[in-house]
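Working notes for the structure below.
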Ligand code: ZN
Ligand code: FE
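In this note's numbering, the protein residues as written are 1178 to 1432.
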């Protein structure tokens, strides 16, 4: 079973170290900054052999070159669609590809919306999804390069993964996302309970990430654009999920 270590970088970003204990293979996901990720690997006695990039934004790739330089033979894995704007990529991946990490492997999902080339990495045997800035705890990424239709399709694909999947996203945005979600459905008991937990974790400076996909399905408004109750609540009874999703995203952008 994959050992996963969360590394907070650049303020509110999360990078991750993944260690496959049979072979010792270690990967760093979205190292926005090299120093804290290398320090965390060193503290664990792990040697980074792979960097997995979800998308081209600087806060996700900023440390990749320095990690590659510091770790002999380290390969950088990144979306094929973004090769022109991510430096030093060794392995370009597209939808349905697999990436081996020792005895385990990830399946690549192309999930456009936040950026055109965004991918997610799903370690099926380990119930771990690295969702970058596509799916956040209680939220989703802004639509910088994609349409609401694309993002809804991307999120719907991730939502179809098993309930027990743990979602490791790219930022600690959960407290803010909880406030927004409550503005849509203030009487939702499941959401209220989660928002209380998030608030307590935030005060205690504990991470609210990862979260189980089942909890996201139940409480993340961006995964509920096809829920007729939520649509009605937004004054969009009978509208298609793409329209409902676009409205939720629009409201979040001005929240
Ligand atoms: Zn981003
Ligand atoms: Fe980001």
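Glycine included, every Cβ here is placed at the ideal spot set by N, Cα and C.
Source: prediction; values computed, not measured.
In three-state terms, what does DSSP make of residue 1354? helix
Can you give the beta carbon distance from residue 1426 to residue 1325, rounded, assuming they're within the 8 Å contact cut? 6 Å
Residue 1221 in three-state terms, based on DSSP: helix
Given residue 1418 as reference, the closest of 1271, 1333 and 1395 once Cα atoms are compared: 1333
What I want to know is whether the C-beta of residue 1189 ends up closer than 6 Å to one or more non-hydrogen atoms of the ligand ZN. no
Sequence-distant residues of its chain with Cβ nearer than 6 Å to residue 1432 (five each side left out): 1357
With distance defined between alpha-carbon atoms, name the residue in 1220, 1343 and 1278 nearest to residue 1199. 1278
Would you check if there are 3 or more beta carbon pairs closer than 8 Å linking the region 1285 to 1297 to the region 1253 to 1271? yes
Completely contained beta strand (DSSP E) runs for the region 1257 to 1327, where each covers 3 or more residues: 1268 to 1270, 1275 to 1278, 1281 to 1287, 1296 to 1300 and 1305 to 1309
Report the residue ranges of all alpha helix (DSSP H) runs contained in full by the region 1231 to 1255; include only those spanning at least 4 residues, in chain order. 1235 to 1238 and 1241 to 1247
Using the C-alpha atoms, what's the distance from residue 1203 back to residue 1241? 14 Å
Separation of residue 1246 from residue 1234, as counted between CA atoms: 20 Å
Just to confirm the assignment, what range does the alpha helix (DSSP H) spanning residue 1374 have? 1366 to 1380
In or out: residue 1383 buried (at least 16 other Cβ within 10 Å) or exposed? exposed
Give the residues whose C-beta lies closer than 5 Å to at least one heavy atom of the ligand ZN, in chain order. 1234 and 1310
Do residue 1310 and residue 1177 have their beta-carbon atoms positioned less than 7 Å apart in this structure? There is simply no residue 1177 to check, as the chain begins at 1178 and stops at 1432 in what is shown.
With distances taken Cα to Cα, identify the nearest neighbour of residue 1318 among 1395, 1414 and 1232. 1232
Go ahead and pull the three-state DSSP assignment for residue 1389. strand
Who are the Cβ neighbours of residue 1251 in its own chain at under 8 Å, not counting the five residues just before and after it? 1225, 1226, 1227, 1228, 1244 and 1245
What residues are listed by DSSP as bridge partners for residue 1343? 1305 and 1389
Outcome for residue 1328 when other beta-carbon atoms lying within 10 angstroms are tallied against a minimum of 16: buried
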